[in-house]
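In the working numbering, the protein residues as written are -19 to 380.
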């Protein structure tokens, strides 16, 4: 079971960002698939790091996953962590677990102790457009509900990300959430994303204004690097679930979040926090603090979602998982057998490994495409900064 080859694939799904997969193969020919979390514009950076890390994997035992994780941190990274490093390692780690479970002839969740539930509930993301009006996006949301989803997440904040916000932007957010609640009805779950952008004073005031619309959660209101900022918001908003974790990449970071009582729910990403082993550890750390896990998954609906489903099947404190529905059509095209999402649930795979396989020829047919400043994600000008004279809310720049 020694590692013989690691190949990377940058895949263009035609929207949002390229996806980064890796295929790990052993000397005996067993292969596994992994995926690294990437952000628009940085995909080649993560791939380069993954390729360099892969050099140190050749000849190592595929089963020695936890020890390899430790020496990647200590010997390769000299005891420094980062999003880029953890994304690259996560891809390899997931692929190794895929290999080990295939060799065992069992789905990964069964090999690691069995399922805690029959199926995994997901919510929809990737459905909104940052260049369209509230009314147009409400129509998009209605199509999400018609497709069978019972909950969705989106960032309703207009303009560039900043810690301080115009009152006009604040009013826009409230109008947007109100319109969504009215259109989708009282039983539909609305998950509000803030993307770490606000100072507590703004996060608290806006969160309190959104109370009447029964939001399912209020995600990452403040920068989690100073976790006390998030904790301040949580203390000021009893009864509204506060989420943090997508920008925390280490167990040490999550330990600080638990100690600060900063969140009711955490949303680590299996493709950037160290893979399956790290996610299991983080979930176990959260349980004594009565904190639920809602895995972040701004990744494919193939490897990323499959690994997330395996993890979500196992942990007792699972809440709900993320599914980027705009990526699914392209991912289904390159899947040997795609995951089926029906009525907001994914059935647990029964095939050995993480439950999916990719068609390499189809994967190679859509290689990396430099998206530049596509999706309105270019660096903003000083003329866009707060405060502005004669300001009116612009389109959101966060929809995918």
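Note that the Cβ used here is the ideal one computed from N, Cα and C, for glycine as well.
Considering only residues of the segment 7 to 79, which uninterrupted beta strand (DSSP E) runs meet the minimum length of 3 residues and lie entirely inside it, listed in chain order? Counting whole runs of 3 or more residues, the segment 7 to 79 contains the beta strand (DSSP E) stretches 11 to 16.
Residue 342 versus -17, -16, -7, -18, residue with shortest Cα-Cα distance: On the chain shown, residue 342 is found 362 positions in, with the first residue counted as 1. Of the residues -17, -16, -7, -18, the one whose Cα lies closest to the Cα of residue 342 is -7.
In three-state terms, what does DSSP make of residue 133? For the purposes of this step, residue 133 is taken as residue 153 along the chain shown, with counting starting at 1. Strand.
Could you tell me the alpha carbon to alpha carbon distance between residue 315 and residue 59, rounded to whole angstroms? Taking the chain shown and counting its residues from 1, one reaches residue 315 at position 335. Taking the chain shown and counting its residues from 1, one reaches residue 59 at position 79. The alpha-carbon atoms of residue 315 and residue 59 are separated by roughly 37 Å.
For the beta strand (DSSP E) that residue -9 lies in, which residues bound it at each end? In the chain shown, the residue the question calls residue -9 occupies position 11. It spans -17 to -9 - the beta strand (DSSP E) in which residue -9 sits, taken as one unbroken run.
DSSP on residue 187, reduced to helix/strand/coil? Indexing the chain shown from 1 puts residue 187 at position 207. DSSP places residue 187 in helix when its eight states are reduced to three.
For the beta strand (DSSP E) that residue 222 lies in, which residues bound it at each end? In the chain shown, the residue the question calls residue 222 occupies position 242. Segment 222 to 224, the beta strand (DSSP E) holding residue 222.
CB contact flag (residue 306, residue 48, <7 Å): Here the question's residue 306 lines up with position 326 in the chain shown. Here the question's residue 48 lines up with position 68 in the chain shown. No Cβ-Cβ contact shorter than 7 Å links residue 306 with residue 48.
Can the beta-carbon of residue 171 be found closer than 7 Å to that of residue 201? As a position in the chain shown, residue 171 is number 191, starting the count at 1. As a position in the chain shown, residue 201 is number 221, starting the count at 1. Pairing residue 171 with residue 201 gives a Cβ-Cβ distance that is not under 7 Å.
Validate contact between the segment 297 to 306 and the segment 39 to 58 using beta carbons, cut 8 Å, 3 pairs: Too few Cβ pairs lie closer than 8 Å, so no.
CA nearest to the CA of residue 221, picked from 164, 247, 336: The residue given as residue 221 occupies position 241 in the chain shown. Distances from the CA of residue 221 to each of 164, 247, 336 were compared; the closest alpha carbon is that of 247.
Does the Cβ of residue 3 have 16 or more other Cβ atoms within 10 Å, making it buried, or fewer, making it exposed? Numbered from its first residue, the chain shown carries residue 3 at position 23. Within 10 angstroms of the beta-carbon of residue 3 lie 16 or more other beta-carbons, which makes it buried.
Which first and last residues belong to the beta strand (DSSP E) in which residue 303 is found? Position 323 of the chain shown, counted from the start, is the residue given in the question as residue 303. For residue 303, the enclosing beta strand (DSSP E) has its first and last residue at 301 to 304.
Report buried or exposed for residue 268, applying the criterion of at least 16 other Cβ atoms within 10 angstroms of its Cβ. Numbered from its first residue, the chain shown carries residue 268 at position 288. Classification for residue 268: exposed.
CB contact flag (residue 61, residue 229, <7 Å): Here residue 61 is taken as the residue at index 81 of the chain shown, counted from 1. Here residue 229 is taken as the residue at index 249 of the chain shown, counted from 1. In contact: residue 61 and residue 229 (Cβ atoms closer than 7 Å).
Would you check if the distance between the CB atom of residue -17 and the CB atom of residue 40 is smaller than 7 Å? Your numbering for residue -17 matches position 3 in the chain shown. Your numbering for residue 40 matches position 60 in the chain shown. Taking 7 Å as the cut-off, the beta carbon of residue -17 is found closer than this to the beta carbon of residue 40.
Could you compute how far the alpha carbon of residue -19 sits from the alpha carbon of residue 78? Numbered from 1 along the chain shown, position 1 holds the residue referred to as residue -19. Numbered from 1 along the chain shown, position 98 holds the residue referred to as residue 78. The alpha-carbon atoms of residue -19 and residue 78 are separated by roughly 12 Å.
Residue 17 and residue 67 - do their beta-carbons sit closer together than 7 Å? For this step, residue 67 is matched to residue 87 along the chain shown. For this step, residue 17 is matched to residue 37 along the chain shown. Going by C-beta atoms, residue 67 is nearer than 7 Å to residue 17.
Quick one: residues in its chain with C-beta nearer than 7 Å to the C-beta of residue 108, no 5 flanking neighbours on either side, listed in chain order? For the purposes of this step, residue 108 is identified with residue 128 of the chain shown, where counting begins at 1. Around residue 108: 117, 120, 134, 379.
What residue from 20, 9, 73 has the CA that sits closest to residue 33's CA? By 1-based counting over the chain shown, the position of residue 33 is 53. Looking at the Cα atoms, 73 is the closest of the given residues.
Opening and closing residue of the alpha helix (DSSP H) in which residue 148 lies: Counting from 1 along the chain shown, the entry for residue 148 is found at position 168. Under the DSSP assignment, residue 148 falls in the alpha helix (DSSP H) whose first and last residues are 147 to 164.
Where does residue 180 sit, in a helix, a strand or coil, going by DSSP? Start at 1 with the first residue of the chain shown, and residue 180 comes out as number 200. Note: residue 180 maps to helix in three-state DSSP.
Of the residues 143, 181, 290, 367, the one placed nearest residue 101, counting alpha carbons only: Mapped onto the chain shown, residue 101 falls at position 121. That would be 290, whose Cα lies nearest to the Cα of residue 101.
Residue 372 in three-state terms, based on DSSP: Residue mapping note: residue 372 aligns to position 392 of the chain shown, counting from 1. Correct three-state label for residue 372: coil.
May I ask you to list the residues that DSSP assigns as paired with residue 322? Along the chain shown, read from residue 1 onward, the residue named residue 322 stands at position 342. 325, per the DSSP bridge assignment.
Using 7 Å as the threshold, is the C-beta distance between residue 333 and residue 81 below it? On the chain shown, position 353 is the one that residue 333 refers to. On the chain shown, position 101 is the one that residue 81 refers to. In this structure, the beta-carbon distance from residue 333 to residue 81 falls below 7 Å.
Can you name the residues that DSSP bridges to residue 197? Here residue 197 is taken as the residue at index 217 of the chain shown, counted from 1. Bridge partners of residue 197: 171.
What would DSSP say about residue 339, mapped onto helix, strand or coil? Reading the chain shown from its first residue, position 359 is the one you call residue 339. Under the three-state reduction of DSSP output, residue 339 falls in the coil class, being neither helix nor strand.
Residues near residue 115 in its chain [Cβ-Cβ closer than 8 Å; skip 5 each side]: Working through the chain shown from its first residue, we reach residue 115 at position 135. Within the same chain, residue 115 has close Cβ partners 159.
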